[in-house]
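In this note's numbering, the protein residues as written are 101 to 394.
To start, the structure under review is shown below, and the notes come after it.
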C-alpha cells in the first residue's frame, strides 16, 4: 500500500544518497559530525527534495531549522527528522557540535523484515509527525552515534552498521514516545488515513472518500483526527495539498498555471483562491517571500 502518486519529479529535483556518496562501500548510509560540515553550510538552503531519511542531533548550537516551511529553533540537545520527499534549510547562529545520520529506504528495507518496518518509528510515519524534539539523555544517544561513526570509519560490514543505526532509532523512539501525551501518538486508523492520503491527495479531496477507503464513517474519521491530531480530516487533507503547492512554488520554476495543473486544480484562479483561504497569502507573494536566489 506504499505506491505513491506520480508527480512530475522534474518540477523539484531530488538529491539521492547514492549520488552524494558514490565512493562509499555502502552508499545507502552516511554518518558524520555536524562540526565537520563545510563552512558554506552555516546557512544552507535546499532547493530540492531528499530521497532518504535523516536525523540531525545538535549537542551544542543555536539557529533555525526550517522543515517543510515550518521553523524550529536549533538549541542544545535538539534533534530533527527528515523524511523522503521533504525539503529543509537551516541557519546557524553559533558554532554547532553534533551528528548527522542519513540512510536510504533501501538500506533499511534490505536489512529488516519488511520494507515498511521503518514506518514503525513514529517520527517517520507521516508529514503530520513532529519533526523536532529535545533529547533528555544526550549522553546515551551521543555514545551510540560515536560507536556508529567508529564502525563506519573502520569499514564494518553492513549488518553491524544497520544494528547500530537501529539502536539509535530505538533510543530516539523511546524518548519521542515518552514525551508524548497518549492523544499525540498516531494510532492505526490515523496511520492508515495518512498513508491513503499520501497516495491520493492530488486526485481525492473529500473526507467521504477516505472514510470509505478506511471502512469507517466520515464522522468517525473526523473524531479520530480531532482526538489524535487536533483537527478534522478535511483540514488535514487541505494541509497536505497546501504543503505540496508550497514546495512547488518555492522549489520549482513552474508558473502558477503549471502548478495548478500538476496538483489537479481546474485553473490558476481556483488554486489562488484556495491557497489564499488556507495560507492567508497569494501564491505569487508566498513565492516571492520564500524563494532565495540559488
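In this text, a Cβ means the ideal position worked out from N, Cα and C, and glycines have one as well.
Residue j beta carbon less than 7 Å from that of residue i
| i | j | result |
| --- | --- | --- |
| residue 221 | residue 128 | no |
| residue 166 | residue 189 | yes |
| residue 261 | residue 196 | no |
| residue 342 | residue 383 | no |
| residue 169 | residue 326 | no |
| residue 132 | residue 200 | yes |
Which of helix, strand or coil DSSP assigns to residue i
| i | result |
| --- | --- |
| residue 121 | Residue placement at residue 121 is poorly supported in this model, since its pLDDT is 44, which falls under 50; the coordinates still yield a value, given next. Here residue 121 sits in coil by DSSP. |
| residue 219 | helix |
| residue 395 | Since the first residue shown for the chain is 101 and the last is 394, residue 395 is missing from the structure and cannot be characterised. |
| residue 164 | strand |
| residue 152 | coil |
| residue 198 | strand |
| residue 288 | helix |
| residue 251 | helix |
Pairwise C-alpha distance: residue j and residue i
| i | j | result |
| --- | --- | --- |
| residue 224 | residue 275 | 14 Å |
| residue 185 | residue 151 | 6 Å |
| residue 246 | residue 308 | 49 Å |
| residue 319 | residue 290 | 14 Å |
| residue 161 | residue 272 | 19 Å |
| residue 241 | residue 157 | 9 Å |
| residue 375 | residue 259 | 47 Å |
| residue 278 | residue 179 | 15 Å |
| residue 155 | residue 266 | 12 Å |
| residue 385 | residue 192 | 26 Å |
| residue 177 | residue 239 | 10 Å |
| residue 331 | residue 322 | 8 Å |
| residue 373 | residue 314 | 30 Å |
| residue 95 | residue 139 | This structure cannot settle anything about residue 95, because the visible part of the chain is limited to 101 through 394. |
| residue 306 | residue 334 | 7 Å |
| residue 368 | residue 295 | 28 Å |
| residue 230 | residue 370 | 31 Å |
Sheet register partners of residue i (DSSP bridge)
| i | result |
| --- | --- |
| residue 188 | 167 |
| residue 157 | 179 and 199 |
Practice task
Count the CB pairs spanning the stretch 299–308 and the stretch 246–254 that are closer than 8 Å, and state whether there are at least three.
Solution key: no
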